[in-house]
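Working notes for the structure below.
Here it is, written out as structure tokens:
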């Protein structure tokens with residue numbers, strides 16, 4: 001099955017894109033071969049005037065190397081031109097004398113920097129600069145400015161759970177558990193501390209990846225980013241959990257959105273002080289109740305029926321199995337996910 005990605009035309013701007021690499025010289029890499037310092041791949045999505053791209057060709061989303069990785073991961077027989085091409089333009093001219101709010105996007109585990117291209121482009125077309133963060137050896141594949149690349153470290157699969165069988169059984173029981181938001185969270189908290197200690201350890205590292213990117217953006221993009229109202233954070237799966245983590249730990253993050261991510265992390269005794277939006281499919285609700293209580297700030301929750309976890313990404317438009325992406329119509333999902341983001345970010349980041 002091949003379905004074209006949607007066109008990013010809801011906003012007044014066209015979308016420019018560029019990629020760069022950030023190296024964190026304060027952290028040695030521990031995944032993959034375990035050599036050198038931590039590298040972070042970044043893809044930027046930013047507003048540009050439509051007349052600036054009128055004579056330009058649309059850019060490819062993927063290199064051939066990433067296409068092959070994508071096909072293998074998502075069991076895709078063929079990646080068509082409509083899936084390969086995005087409505088963004090490489091190195092398009094920035095809008096002069098105008099600054100836009102910054103939104104950070106983090107992908108999920110074993111996903112990739114462009115996993116939510118349609119969402120990032122829609123945000124950019126509506127007047128946001130979006131930086132998508134790629135986590136080395138924890139994505140399908142990351143490519144860097146110097147021509148090097150890294151792939152997912154398969155050793156993680158053995159480290160992620162204490163015991164695969166018992167963890168899966170415990171997870172199934174958790175998803176079916178009954179109780180208040182607080183009671184369900186306590187069951188999730190017990191689950192994560194017993195079965196997923198590795199993810200608990202990696203979450204702060206993803207937070208450091210993100211803050212390293214933000215520091216780089218202050219130097220590279222200061223001319224175009226409006227930091228006056230803070231920074232927004234969103235992401236899918238563990239990337240969404242990272243958004244919650246950042247809101248709790250980083251003063252510069254003004255608001256956050258979690259797209260169907262289990263809210264891993266140690267938040268005992270902590271109160272949320274930032275507006276937060278929790279988006280989830282009904283199946284995974286029990287892993288995501290933490291943002292719904294213990295907060296001194298506005299919190300919203302959107303439950304998408306007939307959805308599966310991976311369906312909140314671009315995979316909704318090309319993955320062959322509804323077991324992965326859910327039965328919800330792709331266009332309906334896309335429009336609703338974008339609308340949720342824009343309404344929330346416009347209110348709490350642009351203060352409209």
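In my numbering, the protein residues as written are 1 to 352. By construction, the Cβ of each residue, glycine as well, lies at the ideal position given by its N, Cα and C atoms. Computed from a prediction, not measured in an experiment: that's the story for all the values here.
(1) If residue 276 sits next to residue 295, beta carbons under 8 Å apart, how far is it from one beta carbon to the other, in whole angstroms?
(2) Checking the sheet assignment: what are the DSSP bridge partners for residue 47?
(3) Measuring straight from C-alpha to C-alpha, what distance separates residue 299 and residue 147?
(4) Grab the span of the beta strand (DSSP E) containing residue 312 for me, first residue to last.
(5) Report yes if the CB atom of residue 181 is closer than 7 Å to the CB atom of residue 293, and no otherwise.
(6) Of the choices 250, 199 and 274, whose alpha-carbon is the least far from that of residue 237?
(7) Within a Cβ cutoff of 6 Å, which residues of the same chain sit near residue 343, ignoring the five residues on either side of it in sequence?
(8) Whole angstroms are fine: how far does the CA of residue 99 sit from the CA of residue 144?
(9) Establish whether the CB of residue 52 and some CB of chain B are separated by less than 7 Å.
(10) To which residues of the same chain is residue 253 closer than 6 Å at the C-beta, ignoring the five residues directly before and after it?
(11) What's the gap between the Cα of residue 3 and the Cα of residue 319?
(12) Fully enclosed by the stretch 63-146, which alpha helix (DSSP H) runs are 4 residues long or longer?
(13) By the DSSP assignment, the alpha helix (DSSP H) with residue 330 in it spans what residues?
(14) Might you give, ordered along the chain, the residues of its own chain that have their beta carbon closer than 8 Å to the beta carbon of residue 153, omitting 5 neighbours on each side?
On the basis of the supplied data:
(1) Contact flag correct, Cβ pair sits at about 7 Å.
(2) 15
(3) 42 Å
(4) Neither: residue 312 is in no beta strand (DSSP E) and is coded neither H nor E.
(5) yes
(6) 199
(7) none
(8) 27 Å
(9) Looking at the structure shown, chain B is missing, and only one protein chain is on hand.
(10) 231, 233, 246 and 247
(11) Low confidence applies to residue 3: its pLDDT is 49, below 50, so where it sits in the model is not reliable, and the reading given next is rough at best. One Cα belongs to residue 3, the other to residue 319, and the distance between them is close to 9 Å.
(12) DSSP runs (the alpha helix (DSSP H)) wholly in the stretch 63-146: 64-74, 81-84 and 117-125.
(13) Counting along the chain, the alpha helix (DSSP H) containing residue 330 begins and ends at 330-348.
(14) 31, 32, 137 and 138
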